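Printed below as a string of structure tokens:
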């Protein structure tokens, strides 16, 4: 051993979901140096989609997009010595591995392929899929055995990074701090361009040309687990403290971020600038993982239908009341029972004295759900259409009502780690069993961290929260997560005391009757809120206008509250108009 530090491992990302930018794999391989290129193709909803695909063809059940990307990408990766690691195997990683081998033979690229399986669990009655979230040890074993391409089923998103890093640096299961650092880097990379300025609260502060086509992110990971988040030179987008903070808060909860390999302490993360489009992550502490794995189960939940009525001009509220009353009466007269769930939402998109018809119109959205397809199909569409000539003036809908469509439900459950036989199927066909961690630790809430002294009292001005705070939100099953952060210590002193869980509920009345839990992360000048039950049965159920809570944070940022005038200095704050 020379004592010379091992060089950084450059791990890039080329996919944040099934359907992400198709050219990203080629762009990442040709845009600059890389050691490993990962792709995340699986989300809660994706497993349901793949489950229905497998019902039609048992040979499928994987993300076919990945194969099409490899028609060119396999040769590029081989030429550049880049390992490919992707969870595109979905419900059939062995099938995808075979398909990659066939493709390699077809295009004449000599690569070795391995896969990880064992995430599939016995499917309970009434469910379509059941999969445990595995860690990165199977990926590491495949890479140590010389694999050029590793495909997996359901692993954690961060496992796509912890596996290659553990293989490269020789980390074992007890290297908790290093693994935790890689988990944090993996969490930043997993959603692709969300780390490089995509979907970013402060996008207006940057040249629009830079954000037109953000480049995908990469992490330079070091032997101690620290990393630098960056992107290829010359690509679009922005990497700064704010973009990285936003992605760190995305779809997380409290200070303990649990996974199969390690529990990362998000309250220990330190972010520092490291040059243009470079942010260093260090200080991350790790704890033993919990004794259970998260298991995701999907099922078909029933049937839904939707009709959007357009209300134009005057008397919008009265028109809405009329059509709702008429619709209920039509169902009753038709002898049909109403659907089990009927939801109306009036979106006042109309403007007074508008200069276009569209700007003069509001949208009345009807969503119905039921276990019986007929109850939401012709029964509903017929009742809506029959109103066409006998309802409010200007009656029309955005699209002709049709048959009901099936909706899905995602459910998360803990399962003992030993219930999933985590297997690495090596390039030579050897099946290596990954042992569960020898040391585990039950999850527990951390003590509330000390908050800074409150911001001094003084004059305030009513203004939108988003003038000084960023936010990013998303879904975890039926719960929504909203991360809120500020960019200087004075704003943190104010935010930490102003935005309590109770204040959050006041600002977002939809959450008033729900359980809202707040977690403070002082190192990030951030608060993370979990809103339990906001999304009902989850994204696939589409019970809410914004079923994945993607814009919940932007709604919060748009709400007005008294903000210290000193914090608004230099900010072009709108005047109060009402």
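Residue numbers (our numbering): 1 to 578.
Glycine included, C-beta positions come from ideal geometry on N, C-alpha and C.
None of these values were measured; they are calculated from a predicted model.
- In the three-state DSSP reduction, residue 406 falls in the strand class (E or B).
- Within the segment 311-336, the complete alpha helix (DSSP H) segments at least 4 residues long are 316-333, listed from N- to C-terminus.
- Between the C-alpha atoms of residue 323 and residue 556 there is a straight-line separation of about 31 Å.
- Here residue 571 has 467 as same chain residues with Cβ atoms under 6 Å from its own Cβ, once five neighbours each way along the sequence are excluded.
- Residue 310 and residue 356 have their C-alpha atoms spaced approximately 14 Å apart.
- Here residue 260 is buried. Its C-beta has 16 or more other C-beta atoms within 10 Å.
- Our two residues, residue 150 and residue 454, have alpha carbons roughly 51 Å apart in a direct line.
- Contact between the segment 216-225 and the segment 470-485 is absent: fewer than 3 CB-CB pairs across the two stretches fall below 8 Å.
- Between residue 321 and residue 335, the alpha-carbon positions lie close to 22 Å from each other.
- Annotated three-state conformation of residue 265 is strand, per DSSP.
- Only residues of its own chain outside the window of five on either side were considered, and among them 61, 62 have a CB closer than 6 Å to the CB of residue 92, listed in chain order.
- Taking every protein chain shown into account, the CB of residue 558 has fewer than 16 other CB atoms within 10 angstroms, so this residue is exposed.
- With respect to residue 119, residue 154 sits close: the two C-beta atoms are nearer than 7 Å.
- Rounded to the nearest angstrom, the Cβ distance from residue 117 to residue 425 is 6 Å, consistent with a contact under 8 Å.
- With a threshold of 16 other beta carbon atoms within 10 Å, residue 12 meets it and is buried.
- DSSP assignment within the segment 523-557 yields the following whole beta strand (DSSP E) runs of 3 residues or more, N-terminal first: 526-532.
- Linking residue 158 to residue 404 through their CA atoms gives a straight-line distance of about 37 Å.
- Secondary structure at residue 222: coil, using DSSP grouped into helix, strand and coil.
- Cβ contact annotation for residue 232 (same chain, cutoff 6 Å, sequence separation greater than five): 31, 32, 215, in chain order.
- Here the alpha carbons of residue 283 and residue 269 stand approximately 6 Å from one another.
- Short of 8 Å from the beta carbon of residue 267, and not among the five residues preceding or following it, lie these beta carbons of its own chain, in chain order: 255, 446, 449, 521, 522, 523.
- Note on the segment 367-395: whole alpha helix (DSSP H) runs with a minimum of 4 residues are 373-376, 378-385, in chain order.
- Each residue's CA atom was taken as its position, placing residue 470 and residue 549 some 16 Å apart.
- Between the alpha carbons of residue 399 and residue 287 lies a distance of about 53 Å.
- Contact annotation: residue 191 and residue 16 have beta-carbon atoms nearer than 7 Å.
- Residue 472 is classed as buried because its beta carbon has at least 16 other beta carbons within 10 Å across all chains shown.
- Ranked by Cα distance from residue 408, the first of 566, 477, 443, 198 is 477.
- For residue 475, no alpha helix (DSSP H) segment is defined; the enclosing uninterrupted segment is the beta strand (DSSP E) at 470-476.
- Approximately 15 Å separates the beta-carbon atoms of residue 34 and residue 74; this is outside 8 Å, ruling out the contact.
- Per DSSP, the beta bridge partners of residue 309 are 364, 397.
- With a cutoff of 7 Å on beta-carbon distance, residue 183 and residue 264 are scored as near each other.
- Annotation for residue 56: the continuous alpha helix (DSSP H) segment containing it runs 44-56.
- Beta bridge pairing from DSSP links residue 273 with 279.
- Following the DSSP letters along the chain, one finds residue 227 inside the beta strand (DSSP E) bounded by residues 227-231.
- For residue 500, same chain residues with a beta-carbon under 6 Å away, outside a window of 5 residues either side, do not exist.
- Look at residue 144 here: in three-state DSSP terms it is helix.
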